[in-house]
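Colleague:
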Amino acid sequence: RVDLSVIGPNDQTPAESFDLVVLEAERDAAALPAATHVVALGAPASSLGFSVAKPEVDDAEIVRWSFDDPLFRFVSFDEVQVPKASVLAVGEGQTSLIDSDQGPLAVAAHADGQDRIAFGFLPHESDFVLRVGFVNLVANLVEWAAPPQATPEGAEAEAFALPSVESHIDPPPQISGTTRGEFSGPVRTRMALWRLLAWIVAALLAFEWVLPAVALGVGAAWGAVRSRLRRGPRNLKRKTS
7 RVDLSVIGPN
17 DQTPAESFDL
27 VVLEAERDAA
37 ALPAATHVVA
47 LGAPASSLGF
57 SVAKPEVDDA
67 EIVRWSFDDP
77 LFRFVSFDEV
87 QVPKASVLAV
97 GEGQTSLIDS
107 DQGPLAVAAH
117 ADGQDRIAFG
127 FLPHESDFVL
137 RVGFVNLVAN
147 LVEWAAPPQA
157 TPEGAEAEAF
167 ALPSVESHID
177 PPPQISGTTR
187 GEFSGPVRTR
197 MALWRLLAWI
207 VAALLAFEWV
217 LPAVALGVGA
227 AWGAVRSRLR
237 RGPRNLKRKT
247 S
């Protein structure tokens with residue numbers, strides 16, 4: 007569950023703290039509410055420690071991004087059209103997350119107890135917002151900024167444990183007509199009734215098809231033998247005469 011608060015550029019800074027602050031317009035860091043994570047989407051972020059190397063470049067082509075970073079899980083910038091962007095400089099202790107043919111377009115840093123990310127372009131000024139990767143990026147940012155979950159202990163931890171009947175710790179009950187293998191599950195020792203019936207039907211069909219062929223073969227062989235027996239005495243009579 008996410009609680010969203012929208013604050014305008016001229017609105018008063020809330021006194022409460024947040025897990026994530028997303029900037030789409032320039033706002034001094036001192037005027038930001040307390041937060042553990044800050045993301046600047048195309049907004050000037052010099053007060054957050056980021057600097058611009060090349061302002062307002064045209065048609066920057068994204069050539070690399072940290073695809074193995076959890077922020078970019080199920081996110082692709084392949085062939086994303088960025089008409090206008092600011093190329094960012096990578097300072098000391100900072101890391102480039104997205105690189106273009108003209109320089110970095112996203113940089114990450116950690117300072118003053120905050121995790122910070124600056125994007126050199128506004129997503130809605132590119133076709134990135136038309137892709138499912140933008141939705142996944144927002145979800146990843148929310149997950150990135152979410153506070154760590156406390157590890158349950160005692161009775162609370164047991165409430166999350168599966169009962170033995172639903173786990174692999176207890177083997178399934180013995181099935182009738184089977185024996186338990188050493189490493190596998192139940193091993194069947196008696197043939198199922200449907201398998202036995204299938205074998206009987208197959209044997210009957212084979213017998214029905216093979217028997218006529220055997221009969222024809224035996225008949226042909228017997229006919230050949232009889233013809234030879236009949237020719238034998240005639241040949242003897244001709245020789246003696």
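The sequence shown begins at 7 in the working numbering and counts up by one. Yeah, the Cβ is synthetic: ideal placement off N, Cα and C, and Gly gets one too. What you are looking at is a predicted structure, and each value in this text was computed from that prediction instead of being measured.
#1: When the Cα atoms are used, what is the spatial distance from P110 to D17?
#2: By Cβ distance, which residues of its chain are closer than 6 Å to D84, with the 5 residues on each side in sequence left out?
#3: Assuming the contact rule is C-beta atoms closer than 8 Å, A151 and T42 should be a hit. Round their C-beta distance to whole Å, please.
#4: Considering only C-alpha positions, which residue in the set E32, V8, A117 is nearest to D25?
#5: Please report the residue range of the alpha helix (DSSP H) in which E149 lies.
#6: Please work out which residues of its chain come closer than 6 Å, Cβ to Cβ, to V88, disregarding the five sequence neighbours upstream and downstream, and give them in chain order.
#7: Starting from G109, trace the beta strand (DSSP E) both ways and give me its first and last residue.
#8: Ignore the nearest five residues each way along the sequence and tell me which others in P129's own chain have a CB closer than 7 Å to its CB.
#9: Tell me the rounded alpha-carbon separation between D64 and Q155.
#10: Contact between the stretch 68-79 and the stretch 88-106 is defined here as three or more beta-carbon pairs at a separation below 8 Å; is this criterion met?
#11: How close, in whole Å, do the beta carbons of G55 and G14 come, if the pair is a contact with beta carbons under 8 Å?
#12: Considering T19, what are the terminal residues of the beta strand (DSSP E) in which it resides?
#13: Could you name the residues of the same chain whose beta carbon sits closer than 8 Å to that of R234, not counting the 5 residues immediately before and after it, in chain order?
Modeller: According to the data block:
#1: 32 Å
#2: none
#3: 7 Å
#4: V8
#5: 138-151
#6: A66, F127, S132
#7: 109-117
#8: L47, V135, F140
#9: 43 Å
#10: yes
#11: Their Cβ separation, rounded to whole angstroms, is 24 Å, which puts G55 and G14 out of contact at 8 Å.
#12: Premise fails: T19 is in no beta strand (DSSP E) and is neither H nor E.
#13: none
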